[in-house]
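A.B. asks:
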Amino acid sequence: MEISFDDFRSQVNDRYDELSPHLQRVARHVLHNPNDIALGTVTQLAEAISVQPSTVIRFCKQFGFSGFSALQQVLRLRLIEGAPELRPRAARRSRSDAAVSRDDPLHAFEDFTKASILSLEEQSAMVRGEDFARAVDMLEQARTVYVIGVRRAFPVASYASYGLARLERRAVFLDFVGGMVPQQARLIGEEDLLFAASYAEYAKPVVEVVMDTYIRGVPILAVTDNPMSPLAKHSSLAFLVHDDANHRLRPLSASINLIQSLIYALSLRLGA
């Protein structure tokens, strides 16, 4: 079967809602970790998402592949032709942090630093110039930028609010203090912008605000981790951050770098 990764991703996006919960789990993991899947085995993939290998094979056949190896050919071709600079990183990402010694804190620091660097390198290779420029346009043109993000995404949202305030742009941080976020979200108009950040498992309050503003036609700029996430599916523009899934505490370096870069680019645009 001859198909490009982009075509495969489009097919998965179009048919995602039709898949069973187990197949949806496979779809999310494959699209989130294409480099790891290209270099791994069907058993490793099945164990990573707690399904049977037969479920992975069923997913492959659902999209016209003869088996797992046929799907891997598409993912490997992406590495060879589409993003060759990611090949060594994909191999390194597949290593577990189990090798980090409990008795050597410096080893932990070095290991996590390497993971953060890999996330930054992959982000640099994956962010498209036209998308980045469009994001800066959205931030510049918005009357008010409403910012939301909790749990792991809280530092990302917090910095977005801080950076916009430093540029004297109108920004409202929906921080859930006082429990008034639903009421605040209803004030967001079509001339405003919602900046939302969330990662699996996607915070329900954030998803609810995103869905509410999406239905009302409000522009949404999102930072998330999977094209199947509720944020990616309902935003005007979404940046996908592929952090190192092998670490218990996933690096935030790529997400923070992205928002800092957007704020910096906006400052240059404004001459601030």
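So the sequence shown is numbered by numbering that gives the first Met the number 0: it starts at 0 and just counts up by one. All residues carry an ideal CB built from backbone N, CA and C; glycine is no exception.
#1: Return the chain-ordered list of same chain residues with a C-beta closer than 8 Å to the C-beta of C59, the five sequence neighbours on each side being excluded.
#2: In its own chain, which residues sit with a C-beta less than 7 Å from the C-beta of I48, not counting the 5 before and 5 after it?
#3: Taking 8 Å as the cut-off, does the stretch 195-203 touch the stretch 145-158 (at least 3 CB pairs, one atom from each stretch)?
#4: Quick test of the definition: if touching needs 3 or more C-beta pairs under 8 Å, does the stretch 199-217 touch the stretch 175-191?
#5: Of all the alpha helix (DSSP H) runs that stay within the bounds of the stretch 170-230, which reach a length of 4 or more residues?
#6: Indicate whether the contact test is met: 3 or more Cβ pairs, each with one atom in the stretch 134-151 and one in the stretch 257-265, closer than 8 Å.
#7: Only counting the same chain, and skipping five residues up and downstream in sequence, which positions put a Cβ closer than 7 Å to that of A97?
#8: What are the start and end residues of the beta strand (DSSP E) that includes F62?
#9: So the candidates are A124, S19, Q183; which of them puts its Cα closest to the Cα of V353?
#10: Do I56 and L44 have their C-beta atoms closer together than 7 Å?
#11: Taking only three categories from DSSP, how would you classify I147?
C.D. replies: On the basis of the supplied data:
#1: Here residue 59 refers to the residue found at position 60 of the sequence shown. S65, G66, F67, A69, L70.
#2: The count along the sequence shown starts at 1 and reaches residue 48 at position 49. If we look at I48 and ignore the five residues flanking it on each side, its Cβ neighbours are R24, V25, H28.
#3: yes
#4: yes
#5: 180-184, 203-214
#6: yes
#7: As a position in the sequence shown, residue 97 is number 98, starting the count at 1. Low local confidence applies: a pLDDT of 47 at A97 is under 50, so the model's placement there is unreliable, with the coordinate-based value given in what follows. Excluding sequence neighbours, A97 sits near nothing in its chain.
#8: For the purposes of this step, residue 62 is taken as residue 63 along the sequence shown, with counting starting at 1. No beta strand (DSSP E) holds F62; DSSP gives it neither H nor E.
#9: Summary: the structure shown does not reach residue 353, with the chain confined to residues 0 through 271, and so no result is reported for it.
#10: Here residue 56 refers to the residue found at position 57 when the sequence shown is read from its first residue. Here residue 44 refers to the residue found at position 45 when the sequence shown is read from its first residue. Result no, Cβ atoms of I56 and L44 do not sit closer than 7 Å.
#11: Numbered from 1 along the sequence shown, position 148 holds the residue referred to as residue 147. Strand.
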